[in-house]
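Chains as they are written, first to last, in my numbering: chain A, 18 to 400; chain B, 18 to 400; chain C, 18 to 400; chain D, 18 to 400.
A short worksheet on the structure shown next.
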């Protein structure tokens, strides 16, 4: 923990799963990385006071707010961390940018492409640092693969096949939540889970050209937790799509919460002219890699245990073979963010990436309705 | 080997990979299963005399023919085994049916749905036993899964995701073959490989309702082996499609010969309301199975090593843990065929299954051109 | 983080790998578990000032000491955490007990059984809480297995086969360290790595009756890092042994730093009359389990992903499928320690466990010299 | 099948599991390998007429005998295949050698080292070709590993850890068989299963120097199948041992029929100064290989799918990825045997290898009684 580091005062909005994961990451970050600026857990914000106080106490947040407008207007906040339900990302980001706050936003970025672009534009105009949470880019195994791709180890990519499997909606007794209402969440498995694998595809393969999708809700009514009958599920349990990439690769994608027995199984298989790779988030410390350069008789997929000091982010942690957990991905991402804010430099992935991801999400939804391929309009970064 | 068994005289057309696999199966079959009728390796047929003689000698076929018409007209042949390039399936089957021969046909059944239906119709009219080679139905692990599905262990099926990965076309130096010419082979990876996973889907999930596909040829010209320059590749290196099943399940399919590092990797993942299963042909003695019935705290995918006497087909072979190979699938299938012919009973999968598979294959091709979902017309069995 | 919790002021001795791992655990613990007493990072102690200051700053330790005697005499310290080289465990523990400090000690406990027993006796006489760091008992998958064993799911245990594989000594250029000198470290792979799997055996199977071992140093001289020539390696690169347990189970054990390609691969296989289990530390979120109770046809080893809220320790962390890392094991263990100190109750594993483990370690060394089976003398807990 | 090949007339003694496996191999061999001499299934011999006739008919053996002395004296037999219970190996081999028959013997070779040496000596004096069935040397993955070791890819071997796990004796209701009586079978798991992994160790690592073992019978009485009460089990359910190799490697071995959930799980792990390998018989088409030569950042165990034409024995079979089964190992071994007999050349592994393996088996049994390390006396081949 660097004593001479500047301070970046964080205002976190959202007290649930992501609120907890982010709090942990802010807390741990300066203990493992020497930064030019350290995060300060300045204020956390949530509508539900019980939840708010729980998280505030759990991580020693200095202050608390129940109204995000208040938070966004506070002078003592440098960075707004938007970890709310999806419908609030847009108003908070716009207001935050207006107030000159740096912005960190959970995925999916917005309820639609227009919102996402406006957020991107607002952040750019405000000159603030903006970042999208696509934390799986910061899994060491995936960061290593990115490096290998840059070095030509995979060659021209032909296929990117990704699935994101969870199973918590298989149980018909699982209750009706905000996530089942398209008004608050925009979509179901699609926005929540496909957002991750779409971003990984953009990171590893390149931009999408067109998509063709299919959405499905298997269980159409679920019991409300308050006993007031059933709620109508207006979000997707599963969304699949095919993709064409600008560089000629073919893609297939599936996010589903109906994948019985799979808990958080994000797998991609990437095939190139020189090599191939397979990754599975449930074994996130491992990368499977095949090289056509290996001696002919003894080729095979090798399991790289990505826990070596020379591998991305690992030197902050433990000796070889001592695995890290899911939570570490946020710490890695927040390191990049703190350095960016401190040095007033752009970071990656940013709101442009969030917007581009949102375009794909939206195009998939349109294609599911139009039953046709939908193009992803190329939009350049704002200069 | 039953001494009192009747004899079924086989005429095999095709001397390549499948000719060899089938010859082995005919030879081994009566040594491991007690049948009411045993196959006799009566005559093998191939245009290339060197190849013909090689296979004839290798497996002690009684006779040889270089012209399939001759073979189909021979009185001493009971069963015609059609293991030729795909464009010959139709004329041979039609002629064989005309001559009252029982018919066994390699997949894909035909160059198109019309041909396939005519073959089915001809075989039915002729009253012969007809069977399609979909040998993966006879992998013990898959036969076991079929039984588990019938017993309700999987429940209502929501997802069937299948890939068939090979990599022999990744090498740009791989030469131009008949398989690269749509006139002789109909299609590339699609007919050859998707035919298998389409059939498994029909076997395990049920009938298709509609499909939406995409086809791609990555390397468009390949050197002719005779040194006469390049041949234009008119078949697909890869074909992907999404599917809707009549029972509401979603499907995703991909066959590709560009899956660097994968040799014969056919994997499917099947998710249901009560359980789930995963299979991979490269580990074909294993079935992964998840049951929601297992005690809550200790659920997980289990690896069933399908080598127990009580499991399908295994009691003919070796004690538990002594694995069988790919070639055994044909022996299992041929057992069913011999019994069917002997007892003059219909067998499964038959030409109806071949035709229904061909419908799906064709619909995928059409959708790849139309860029729309294509329906699979429901066609009942001929009564 | 419980605001009303009492405070337990920790004095940590040792600034290397374990110093860092423990510091992280003290820091994180109160943020994830509601405790009746929270640890305070009061003072850290190390001989090397640079290392001391680095760790002190990294984790915001309140104070620092370069002399452990000073630390042990400080009034403001409740708990002494002994994470030093092995030769210092004994004097520190004895002095700590004398001063009425609670004691936490890294494995292996001591340089020999006599030291270990004296430490146990001293701690008991002083009436302090004492705990041995055997953090792998606190891997959720292993804690779950312990529960399953108690419930009878494994039955009478017949085999416990454990290996601990690392490969950092395969490189002949790896330099000479204190770990290569038996005077400071007692032993090499044996004390460091076999201590873990011996403890897991005692935890899961029961007490040892006799052992029969073999030790080996493959590379006998290594370059000193200061350039002053070669140091003679007087510790083992590898130690293997067979074991007899009091309950009739057979055991096999191997710890080696010459396991090329293995980084921190601790695997055990446990076979019982009713079930079996396999665990591998490099995939520590998973437990393989086989039950003879499963339906006959479809038995198999299942992979339990131990990330469910209902599984040990997990409800403090993340939703299903979001894996935790190696570092979390310390947090779980420290939770038990804090509660023990707060409630003035004995904790497990304690110095008795350390002593019993040391007996086995010593007996293995003796047997390697005597080339005979060596008995483990049964010694009861001090009443 | 080579038409000009000479004929080698086989007399097989034994009609059970191995009788069936060998019959299949003799039958298939000439169809897949071009040999200078083909086996003829001339006569099979068994005491139980029903079993004899079953196997005779199953594989079309020309003749049958119920008395092995008759068979060994028949003029029309070139090769005696000894697949009987273990106590008959010695008398048959001696008598066979006396009659100038070539000899093939199942493992374990004999009831003790003296018998084994006499058998070796007799075969050498008679000038016949003699071979031991150690069929796992002929698994393509293991043959490939042997080649890799010769090429230096593994380097100096430090560890060879092998287990052979089965579970058919876990069931206390499993009946009393000849295999439970040390008079007929010599030993239990030890001779049957350790013989395999001892031979693999000699094949891959080199000669043994000394061993130190432990044997155990968990269930001491089993019901006789004829209902005449209980039989006393005088063979081992499990035998473990440590080994020292002449080249300095350490070994650990365990054969057990009490490995709940494991069916035919033979795994070895081999660690060397340059590389490492892992093999598991239940996935016998795969070899795990780690190379220290791989680029630093991206090292890992790779899974070689040993189904490539360029890999040992595979070009006789199927295209890449089409796996072979357990039974194929005999076909590969018999190929070597037929060529040896045809060319009057020594083959490997031969009776010397059987004898050397028997020495190790016996030394382990002695050490289990003496509770000391037992040396393996170096004995050279007869010149």
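No residue lacks a Cβ here, since even glycine has one placed at the ideal position from N, Cα and C.
What residue does the beta strand (DSSP E) around residue 166(C) start on, and which one ends it? Here residue 166(C) belongs to no beta strand (DSSP E); instead the alpha helix (DSSP H) covers 157 to 167.
Classify residue 357(A): buried if its beta carbon has 16 or more other beta carbons within 10 angstroms, exposed otherwise. buried
Residue 341(B) versus chain C: which residues are under 7 Å apart at the beta carbon? Those within 7 Å of residue 341(B) in chain C number zero; the least Cβ separation is about 17 Å.
Just curious, the beta strand (DSSP E) that residue 56(B) is in, first and last residue? 54 to 62
Contacting residues, own chain, Cβ-Cβ under 8 Å from residue 19(D) (five flanking each side not counted): 47, 51, 52, 53, 55
Interface residues of chain C facing residue 178(D) [CB-CB closer than 8 Å]: 180, 271
Are there 16 or more other CB atoms within 10 angstroms of the CB of residue 211(A), so buried, or fewer, so exposed? buried
If distances are taken between C-alpha atoms only, which option among 22(A), 49(A), 42(A), 41(A) comes closest to residue 332(A)? 49(A)
Thinking C-alpha only, which one of 360(C), 392(C), 284(C), 397(C) is nearest residue 23(C)? 360(C)
Do you know how far the Cα of residue 218(C) is from the Cα of residue 268(B)? 47 Å
Using beta-carbon positions only, say whether residue 262(C) and residue 154(C) come within less than 9 Å of one another. no
Length at least 4, wholly inside the stretch 136 to 224 of chain B: the alpha helix (DSSP H) runs in chain order: 157 to 167, 199 to 202, 212 to 221
Would the beta-carbon of residue 63(D) be found less than 8 Å away from any heavy atom of the ligand GDP? Questions concerning the ligand GDP fall outside what the structure shown contains, since it holds no ligand whatsoever.
For residue 75(B) and residue 177(C), I'd like the C-alpha separation in whole angstroms. 50 Å
Between the stretch 297 to 317 of chain A and the stretch 301 to 318 of chain D, do three or more beta carbon pairs fall short of 8 Å? yes
Measure from the C-beta of residue 309(A) to each C-beta in chain B and report whether the shortest distance is under 9 Å. yes
Among 163(D), 367(D), 279(D), 295(D), which one has its Cα closest to the Cα of residue 179(D)? 295(D)
Neighbourhood of residue 247(A) by C-beta distance below 8 Å, restricted to the same chain and skipping five residues each side: 193, 238, 239, 240, 241
Assigned secondary structure, residue 22(C) (DSSP; H/G/I helix, E/B strand, else coil): coil
Using a Cβ cut-off of 9 Å (strictly closer), state whether residue 355(C) contacts chain A. no
Helix or strand or just coil, what does DSSP make of residue 300(A)? helix
What does the Cβ neighbour count give for residue 229(D), buried or exposed, with the cut at 16 atoms within 10 Å? buried
In this structure, how does DSSP classify residue 35(A) when only helix, strand and coil are distinguished? helix
By the DSSP assignment, the beta strand (DSSP E) with residue 251(C) in it spans what residues? Looking at the DSSP string, residue 251(C) is not in any beta strand (DSSP E), and its letter there is neither H nor E.
Which residue wins for smallest C-alpha separation from residue 108(D), given the options 94(D), 128(D), 93(D)? 128(D)
How long is the line joining the alpha carbons of residue 346(C) and residue 365(D), rounded to whole angstroms? 51 Å
State the DSSP-derived secondary structure class of residue 276(D), mapped to helix, strand or coil. coil
Less than 9 Å between the C-beta atoms of residue 28(C) and residue 103(C), yes or no? no
If the criterion is Cβ atoms closer than 9 Å, does the pair residue 167(B) and residue 277(A) meet it? no
Helix, strand or coil for residue 396(C) per DSSP? coil
Neighbour list for residue 320(A) in chain D, Cβ cutoff strictly below 7 Å: 317, 318
CB residue 106(A) to CB residue 145(A), shorter than 9 Å? no
What residues are listed by DSSP as bridge partners for residue 27(A)? 58(A), 96(A)
Compare the C-alpha of residue 36(B) against each of 232(D), 334(D), 373(D) and name the closest. 334(D)
Which residues, taken in chain order from the stretch 288 to 303 of chain B, show a beta carbon closer than 7 Å to some beta carbon of chain A? 288, 289, 290, 292, 293
Just how far apart, CA to CA, sit residue 83(C) and residue 59(C)? 14 Å
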